[in-house]
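Novice: Below are the structure tokens for one structure; questions will follow.
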Amino acid sequence: MSLGQTKAITDICLLVEDIDRTIDFYTQKLGYRIRRRAEGFVDFHSERVTLAAWELDHINRHCGVSNVRSPKQAYKACVAMELESAGEVDRLYAELSDKGVPFVGPPGDYVWNARCAYFHDPDGTLWELYAWTGAGPGDYHDTQG
């Protein structure tokens, strides 16, 4: 069996420029609680998948991973959270906007049968808050593929 069919994704680690700035954003604006903290690294309490952040210069120094920064607005990944309802998307948009979270725009209804709102963290990681609407993913997505 292949890796993707036998193992679950357990951690998402965001590569960041400034770990203290990242901690402030994720704790103060999004409400995450720190689980572990080390030099250049943090992970947060989260349901099902561990959310972590690793400072680019630290991972470069210890593992040889490139620390080249992406240009602003050059999104390479999107972290998504499925919510219970379109109303919850709107509620969280309002709540997080009031805390200064930078959204791309207001929530919208999209052709893939979801209401979505998009924001980014201080390092440009794109986040999606979404809830299925109408028929949900079944009549737009190939669910057999």
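In the UniProt record's numbering, the protein residues as written are 1 to 145.
Just so it is clear, CB atoms sit at the ideal spot from N, CA and C, and this is done for glycine as well.
In the DSSP assignment, find the unbroken beta strand (DSSP E) run with Arg36 in it and report its ends.
Specialist: Unbroken beta strand (DSSP E) run through Arg36: Ile34 to Ala38.
Novice: Starting from Ala114, trace the alpha helix (DSSP H) in both directions and tell me its first and last residue.
Specialist: Here Ala114 belongs to no alpha helix (DSSP H); instead the beta strand (DSSP E) covers Ala114 to His120.
Novice: Could you round the C-beta distance between Leu83 and Ala8 to whole angstroms and report it? I think they count as a contact, below 8 Å.
Specialist: That belief does not hold up - the Cβ atoms of Leu83 and Ala8 are roughly 22 Å apart, past 8 Å.
Novice: Within the chosen definition, does the segment 95-110 reach the segment 24-37 through at least 3 CB pairs nearer than 8 Å?
Specialist: yes
Novice: Would you mind sorting Ile19 into buried or exposed? The rule is 16 or more other CB atoms within 10 Å of its CB.
Specialist: Using a 10 angstroms sphere on the CB of Ile19, the tally of other CB atoms reaches 16 or more, which defines it as buried.
Novice: Below 8 Å, can you find three or more Cβ-Cβ pairs linking the segment 49-63 to the segment 105-112?
Specialist: Contact check between the segment 49-63 and the segment 105-112: fewer than three CB pairs, one atom from each, fall below 8 Å, which does not count as touching.
Novice: Compare the C-alpha of Arg48 against each of Cys78, Gly136 and Thr10 and name the closest.
Specialist: Thr10
Novice: Determine the closest residue to Asp123 out of Ser97, Ala80, Arg21 and Leu3, with distance taken between C-alpha atoms.
Specialist: Measuring from the Cα of Asp123, the nearest candidate turns out to be Arg21.
Novice: Specify whether the segment 70-84 and the segment 36-43 touch according to this definition: at least 3 beta carbon pairs, one from each stretch, less than 8 Å apart.
Specialist: no
Novice: If I follow the unbroken alpha helix (DSSP H) through Glu82, where does it start and stop?
Specialist: That residue, Glu82, is in no alpha helix (DSSP H); its beta strand (DSSP E) goes Cys78 to Glu82.
Novice: Compute the beta-carbon to beta-carbon distance between Leu92 and Leu129, rounded to the nearest angstrom, for a pair I have assumed lies under 8 Å.
Specialist: 6 Å
Novice: So, for Tyr26: in the same chain, excluding its five sequence neighbours on each side, which residues have a beta-carbon less than 7 Å away from its beta-carbon?
Specialist: Tyr32 and Phe44
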